[in-house]
Amino acid sequence: ATMAVECISDLNGGEGESGEGGVEEAVKRFVKLAVAITNNIAKVHYKLKDYEKAKNACIESLQLDNGNVGTIAIASNVCVARGEYKEAEQVLLEGERAARERAARE
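Dropping the structure here:
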């Protein structure tokens, strides 16, 4: 709930943890929150062995943040559980590429 409150505070012109307020900061926090939620949804489906729904949740999460390490880990585990070993490898390689791009930007 804290992340959601911070998003609302930023939209209302309040200051976030970094001292910046406004829409841009709220959007960043919202994306982070949305990724966390979709990752949790993916984990639930994975534990229930509903791998198709888990995979779809990972796809949604990766569309928001293609370099999210948690999402990449879940997605590769889903692929392995489905016997899609080549796809698991591709997920990990794409995740590594996205992480390198992110590091270069920062």
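If you're matching positions, the sequence shown starts at 4 in my numbering and goes up one per residue.
Ideal placement from N, C-alpha and C gives every residue a C-beta, glycine not left out.
Here the structure is a predicted model, which means the values were calculated and not measured.
Open item on the list: Just to confirm my understanding: we take Leu65, look at its own chain, exclude 5 residues before and 5 after, and list those with CB closer than 6 Å. What are they?
Closed with: Thr74
Open item on the list: Please tell me whether Ala57 and Thr41 are closer than 8 Å, where the distance is taken between their beta carbons.
Closed with: no
- [ ] Count the other CB atoms, across all protein chains shown, that sit within 10 Å of the CB of Arg32; report buried if there are 16 or more and exposed otherwise.
- [x] buried
TODO: With DSSP collapsed to three states, give me the class of Leu51.
DONE: coil
Open item on the list: So, for Ala84: in the same chain, excluding its five sequence neighbours on each side, which residues have a beta-carbon less than 6 Å away from its beta-carbon?
Closed with: Tyr54
TODO: Quick one: give me the first and last residue of the alpha helix (DSSP H) that Asn71 is part of.
DONE: Where Asn71 is concerned, there is no enclosing alpha helix (DSSP H), given that its DSSP letter is neither H nor E.
Task: Residue from Glu28, Ala29, Glu99 and Val30 whose Cα sits closest to the Cα of Gly70 - done: Glu99
Open item on the list: Since Ser79 and Leu95 should fall inside the 8 Å C-beta cutoff, what is the C-beta to C-beta distance between them, to a whole number of angstroms?
Closed with: 5 Å
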